[in-house]
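Contents: one structure, followed by commentary.
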Amino acid sequence: MRFFEVNAAEGPRFTSFIDGAHRWGLPGGLCPVCQASPGGLGEAYPSVDLSGWSLRRELEEARQVSLEEYERLRDLLRAQVPFEAPLRPGSEFGPLSGKASGKWSALDLSSPWTLVMRSEAVDQLRGAGIALRASKMDLRFRGKTEVDLREIEIHCRGRLHDSCFPGGRERPCERCGRQGGSYPDAPILDGRTLTGDLDLFRLTDYTTIIIATERFVDAVNRLGFEGVVFKELPVL
Numbered sequence: 040m041r042f043f044e045v046n047a048a049e050g051p052r053f054t055s056f057i058d059g060a061h062r063w064g065l066p067g068g069l070c071p072v073c074q075a076s077p078g079g080l081g082e083a084y085p086s087v088d089l090s091g092w093s094l095r096r097e098l099e100e101a102r103q104v105s106l107e108e109y110e111r112l113r114d115l116l117r118a119q120v121p122f123e124a125p126l127r128p129g130s131e132f133g134p135l136s137g138k139a140s141g142k143w144s145a146l147d148l149s150s151p152w153t154l155v156m157r158s159e160a161v162d163q164l165r166g167a168g169i170a171l172r173a174s175k176m177d178l179r180f181r182g183k184t185e186v187d188l189r190e191i192e193i194h195c196r197g198r199l200h201d202s203c204f205p206g207g208r209e210r211p212c213e214r215c216g217r218q219g220g221s222y223p224d225a226p227i228l229d230g231r232t233l234t235g236d237l238d239l240f241r242l243t244d245y246t247t248i249i250i251a252t253e254r255f256v257d258a259v260n261r262l263g264f265e266g267v268v269f270k271e272l273p274v275l
């Protein structure tokens with residue numbers, strides 16, 4: 040199976056933008072050993088509704104807490120999330136709300152880690168056999184034209200291969216497990232970590248990076264959808 044990194048299309052026709060946030064989010068957790076937060080920017084689960092959870096107010100405001108406090112909230116939250124997920128600091132839940140502007144394609148990356156689709160594109164991709172988790176958003180559009188958009192929920196799978204880090208990969212922090220290092224110029228996927236159960240996923244070690252299978256790319260190209268471009272990544 041072939042795999043592709045998903046990136047935003049560039050040019051004057053692609054101007055979509057959302058200024059918003061999800062309703063709830065885990066706080067940042069500062070590690071006492073590495074003095075950083077093992078953050079999960081991009082990790083978002085809009086289908087997870089915490090409105091009935093007694094501790095939801097502790098996740099309503101972005102903040103930095105001790106690693107121990109983050110771990111307490113994460114462990115309590117797990118029972119509210121009906122699937123396996125890393126739940127790193129900064130992970131977000133519930134619908135995305137905010138202001139939207141610009142021209143919207145069938146698929147758009149409103150940020151490099153947030154994939155948004157027109158509702159009709161979701162339906163067509165599902166009709167082509169692509170399984171998608173798509174959630175409504177609470178958006179206020181600037182201008183007269185409103186678009187029926189859905190946020191695509193993308194779960195974590197797979198990692199980069201150690202060989203694509205020329206200077207060697209940093210060792211994980213002994214306390215929080217954070218493994219730093221910039222995203223490499225020539226990324227390679229670790230085939231041992233690719234489960235093949237999802238046509239869209241974000242990397243577990245770089246949660247801002249979205250990966251698509253060849254099956255997803257073929258469906259998008261066959262339907263003539265614009266808004267994103269695909270870059271094939273090697274697998275070892």
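Residue numbering for the sequence shown is 40 to 275, as defined by our numbering. C-beta: ideal position from N, C-alpha, C; glycine also. Remember, it's a predicted structure, so these values are computed and weren't measured experimentally.
Given a threshold of 16 other Cβ atoms within 10 Å of its Cβ, counted over all protein chains shown, does residue i qualify as buried or as exposed?
i, result
"F4", "Outside the displayed span of the chain (40 to 275) sits residue 4, for which this structure offers no information."
"D286", "Outside the modelled stretch of the chain, which goes from 40 to 275, sits residue 286, for which no answer is possible."
"Y84", "buried"
"A160", "buried"
"S221", "exposed"
"Q103", "exposed"
"P205", "exposed"
"A251", "buried"
"S130", "buried"
"Q163", "buried"
"T234", "exposed"
"L115", "exposed"
"G64", "buried"
"P51", "exposed"
Taking residue i as part of the beta strand (DSSP E), name the residues at either end of that continuous run.
i, result
"E190", "L188 to E192"
"I248", "Here I248 belongs to no beta strand (DSSP E), and DSSP marks it neither H nor E."
"D238", "Here D238 belongs to no beta strand (DSSP E), and DSSP marks it neither H nor E."
"A139", "E131 to S140"
"V274", "Note, V274: premise wrong, no beta strand (DSSP E); not H, not E."
Roughly how many angstroms lie between the CA atoms of residue i and residue j, to the nearest whole one?
i, j, result
"D201", "E185", "45 Å"
"K270", "S93", "43 Å"
"P134", "K175", "7 Å"
"L188", "E108", "35 Å"
"S86", "G79", "17 Å"
"R210", "Q218", "6 Å"
"F53", "R208", "36 Å"
"I249", "I193", "8 Å"
"R231", "G216", "20 Å"
"L275", "R41", "12 Å"
"C212", "K183", "50 Å"
"L154", "I191", "6 Å"
"G166", "P66", "38 Å"
"W99", "R62", "According to the sequence shown, residue 99 is Glu rather than Trp. Roughly 7 Å separates the two Cα atoms."
"P71", "D244", "21 Å"
"N260", "F43", "13 Å"
"R157", "S144", "7 Å"
"C73", "F255", "38 Å"
"G141", "R181", "8 Å"
"L126", "D229", "22 Å"
"L178", "E265", "22 Å"
"S105", "L112", "11 Å"
Hey, quick one: how far does the alpha helix (DSSP H) through residue i stretch, first residue to last?
i, result
"R111", "L106 to L116"
"V256", "E253 to L262"
From the DSSP output, read off the bridge partner residues of residue i.
i, result
"T153", "S150"
"E44", "I250 and K270"
Consider the Cβ of residue i: report whether some Cβ of chain C lies at a distance smaller than 8 Å.
i, result
"R111", "In the structure shown, chain C cannot be found, because there is only a single protein chain."
Which runs of the alpha helix (DSSP H), 4 residues or longer, sit entirely within the segment 158-231? Segments of the alpha helix (DSSP H) lying fully in the segment 158-231: 158-166.
Minimum length 3: unbroken beta strand (DSSP E) runs contained in the segment 47-123: At a cut-off of 3 residues, the continuous stretches assigned as beta strand (DSSP E) that sit fully inside the segment 47-123 are 56-64, 67-69 and 103-105.
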